[in-house]
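Novice: The structure that follows is given in the form of structure tokens.
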Amino acid sequence: MADSAAEARIDQALVARVLAGNDRRAFEQLLRRHQGLVRAQLRRLVHGDHAAADDLAQETFLLAWRKLGQFRGDARFATWLYRIAYSCFLQAYRKKSWHEESADDEIIHQLTAPSHTNDLHVDLERAMQRLSPAEQTVLLHCVQLGLSHEEAAYVLTMPVGTVKSHALRGKAKLKLWLAPWSDAVNEEQA
Amino acid sequence: MNHSDDSIEMLLRRQFEGHVADDGFTERVMESIPARRRRAAWPIWTGVTLGIAACGWCIADLPHTPWRNALDGAMSTGTMAALFAAAGISLLACCWALAEADDR
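Chains as they are written, first to last, in the working numbering: chain A, 13 to 202; chain B, 186 to 289.
Printed below as a string of structure tokens:
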């Protein structure tokens, strides 16, 4: 908690430097600090299309540069960036469906990797693909990116109650589908 | 949160690739960002001042304007209407400002 408060103070100081003196180097530091997780978020959202994810990440940071004056510090800077990134993804999503591609990917997995069918992580990936887009997105933000329900609600522009119910439903489905793996899961956890 | 929820969360975290290495991404973005232009405040304030001066000039010589009646202490129907209109506009501006603040 103390670490995240210190990180937030560093981000605030860098934002203030950019706004006060049009300091490109301060923005570069912000970019270096946050590009890794923003690109990881987008890679998951576009189902592993790295080039598309990087294009969206670039668009995200350009928008952040233009709109930095609107950052009030109510949310963490990282959360603000995730929100811009998610909004860029949604705009691109309306033009191009990654779901169609993911269906193709599923077929390719089945054709080329029969020897991995016993792999828990392959099954987890497939189980994730079977979740609804909203459940996948909520689990990505709440569990994998480690946001609180309130932060995820801010990023996804959803009510907090909806975020919680998608998270619960998503985890319940995964638990059901991965039930045959429960021993292996417990071994991994140990 | 129960034990199996913990297991699913642990699996999901392990499956997530996490932080992506920079590999020149920062340089590419920094090359593409445009110079930030400061928006000058003087055109807005010049416009506001000219607008107020023009309004004042237009109504200054009119003998029966509501504001002149108000200054003379005569609360005519026109004066009351002008005051209600001003109060209504102020209230709407406050609501708008509050809604904008909520959105941020």
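Here a beta-carbon is modelled for each residue, glycine too, at the ideal position from N, C-alpha and C.
Round the Cβ separation of A139 of chain A and L102 of chain A to the nearest angstrom and send it over; I've been treating them as touching at under 8 Å.
Specialist: With a Cβ gap of about 24 Å, A139 of chain A and L102 of chain A do not count as contacting.
Novice: Return the residue from the list A:A69, A:V172, A:Y98 that minimises the CA-CA distance to G48 of chain A.
Specialist: A:A69
Novice: Which runs of the beta strand (DSSP E) at least 3 residues long sit entirely within the stretch 31-110 of chain A? Give them in chain order.
Specialist: none
Novice: Is the separation between the beta-carbon of T211 of chain B and that of E40 of chain A shorter than 9 Å?
Specialist: Yes. Within cutoff.
Novice: Residues in the stretch 61-73 of chain A with C-beta within 9 Å of chain B's C-beta atoms, listed in sequence order?
Specialist: H62, A65, D66, A69, Q70, F73
Novice: Report the residue ranges of all alpha helix (DSSP H) runs contained in full by the stretch 147-191 of chain A; include only those spanning at least 4 residues, in chain order.
Specialist: 161-168, 172-189
Novice: How far does the alpha helix (DSSP H) with F210 of chain B in it extend, from its first residue to its last?
Specialist: 210-217
Novice: Secondary structure at L123 of chain A, three-state DSSP: helix, strand or coil?
Specialist: The predicted model places L123 of chain A with a pLDDT of 36, which falls under 50 and marks its position as unreliable, so this point remains unresolved.
Novice: Relative to the alpha-carbon of I218 of chain B, which residue among A:R51, A:R37, A:W193, A:A52 has its alpha-carbon at the smallest distance?
Specialist: A:R37
Novice: Is it buried or exposed, T231 of chain B, if we count other Cβ atoms within 10 angstroms and call 16 or more buried?
Specialist: Exposed: under 16 other Cβ atoms inside 10 Å.
Novice: Under 9 Å between C-beta atoms, does F101 of chain A make it to chain B?
Specialist: no
Novice: Could you please give the first and the last residue of the uninterrupted alpha helix (DSSP H) stretch that includes V205 of chain B?
Specialist: Taken as a continuous stretch (DSSP letters only), V205 of chain B belongs to no alpha helix (DSSP H), as it is neither H nor E.
Novice: Quick check: the Cα distance between N258 of chain B and A270 of chain B, rounded to an integer number of angstroms?
Specialist: Correcting the residue type first, residue 258 of chain B is Gly in the shown sequence and not Asn. Annotation: G258 of chain B to A270 of chain B spans about 19 Å, alpha carbon to alpha carbon.
Novice: In the stretch 226-245 of chain B, which residues sit with their C-beta less than 9 Å from some C-beta in chain A, listed in chain order?
Specialist: none
Novice: Tell me which residues share the same chain as T10 of chain A and place their Cβ nearer than 8 Å to its Cβ, disregarding the 5 neighbours each side in the sequence.
Specialist: Past the edges of chain A, shown from 13 to 202, lies residue 10 of chain A, and the structure says nothing about it.
Novice: Report the rounded CA-to-CA distance for P171 of chain A versus K185 of chain A, giving the unit in angstroms.
Specialist: Straight-line Cα distance between these residues: approximately 21 Å.
Novice: Suppose the cutoff is 8 Å on Cβ atoms and the five residues either side in sequence are ignored; what does the same chain contact list for A65 of chain A look like?
Specialist: R51, L54, R55, L57, V58
Novice: Taking 9 Å as the threshold (C-beta atoms), are L75 of chain A and V27 of chain A in contact?
Specialist: no
Novice: Count the other C-beta atoms from every protein chain shown that fall within 10 angstroms of the C-beta of S16 of chain A, then say buried if there are 16 or more, exposed otherwise.
Specialist: With fewer than 16 other Cβ atoms inside 10 Å of its own Cβ, S16 of chain A counts as exposed.
Novice: Measuring CB to CB, does A255 of chain B end up less than 9 Å from L268 of chain B?
Specialist: yes
Novice: Just reading off the alpha helix (DSSP H) that M260 of chain B is part of, what are its end residues?
Specialist: Looking at the DSSP string, M260 of chain B is not in any alpha helix (DSSP H), and its letter there is neither H nor E.
Novice: Determine the closest residue to Y147 of chain A out of A:V134, A:L132, A:L168, with distance taken between C-alpha atoms.
Specialist: Note on residue identity: the sequence assigns Glu, not Tyr, to residue 147 of chain A. Measuring from the Cα of E147 of chain A, the nearest candidate turns out to be A:L168.
Novice: Is V58 of chain A close to chain B, meaning its C-beta is less than 9 Å from at least one C-beta of that chain?
Specialist: no
Novice: Between which two residues does the alpha helix (DSSP H) carrying D135 of chain A extend?
Specialist: 132-142
Novice: Beta-carbon of T262 of chain B versus every beta-carbon of chain A: anything under 9 Å?
Specialist: no
Novice: Under 6 Å Cβ to Cβ from S261 of chain B, same chain only, skipping five residues before and after it: list those, please.
Specialist: N254
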